[in-house]
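Working notes, structure below.
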Amino acid sequence: MELLMIGIGAAFINNVVLSQFLGLCPFLGVSKKIDTAAGMGGAVIFVLTLSSLVTSLIYQFILVPLDMTYLQTIVFILVIAALVQFVEMFLKKVMPPLYNALGVYLPLITTNCAVLGIALINVQNGYNVLEGTINGFATAVGFTVSIVILAGLREKMEYNDIPKAFKGFPIVLLTAGLMAIAFFGFSGLK
């Protein structure tokens with residue numbers, strides 16, 4: 413039951429993008445098309461889940477026993493960078509169109525504050541390896557749901573008559589704000 417609550421809380425109640433405002437760069441930059449947004453979501457699910465697992469293992473079984481917890485941020489960034497490089501090589505080889513569509517945003521997963529933030533939140537909340545991995549996976553699913561919804565809305569908005577002052581990025585920010593308000597409704601589930 414505890415794992416289910418961690419998962420639901422991470423995906424919807426404390427949505428990394430719409431509640432904690434982490435990972436906004438890819439959220440706003442890659443959400444123009446549903447296919448690209450889903451691809452970015454898949455990459456984030458892979459990286460965030462594995463980085464949560466690996467960073468939890470390293471923290472609990474190496475850094476804590478050696479009393480080197482002060483190195484956690486540097487170690488976590490290195491782990492995340494290695495995983496992103498793996499994803500980048502995989503997509504370049506297996507899915508070149510998606511690799512090209514993600515462009516600069518794929519390597520930016522390395523510096524995506526959501527990925528590092530979740531690794532640090534797992535430590536801060538005292539999650540064990542399983543809880544941290546569930547939190548990372550659910551957070552990534554919440555990110556994917558958010559970015560795909562925004563991409564779908566942006567695709568529909570292309571055909572709407574939007575006042576000139578709101579065309580482009582202003583309407584995207586307004587839409588993201590309304591989505592954040594909608595996700596705020598999940599906070600009553602605690």
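With the working numbering, the residue at position 144 of the sequence shown is 556, and numbering never jumps. Backbone N, C-alpha and C fix where the C-beta goes; we use that ideal spot for every residue, glycine too.
Within the stretch 523-562, the complete alpha helix (DSSP H) runs of at least 4 residues fall at 525-536.
Contact between Val-487 and Leu-475 holds: their C-beta atoms lie close to 7 Å from each other, under 8 Å. A Cβ-Cβ contact shorter than 9 Å links Glu-543 with Ile-418. Here DSSP, grouped into helix, strand and coil, assigns Phe-598 to helix. DSSP places Asn-512 inside the alpha helix (DSSP H), whose first and last residues are 508-514. When the Cα atoms are used, Lys-576 and Ile-583 turn out to be separated by approximately 10 Å. Contact between Phe-581 and Gly-435 is ruled out by a C-beta separation of about 17 Å, above the 8 Å threshold.
Secondary structure of Ser-468 (DSSP, three-state): helix.
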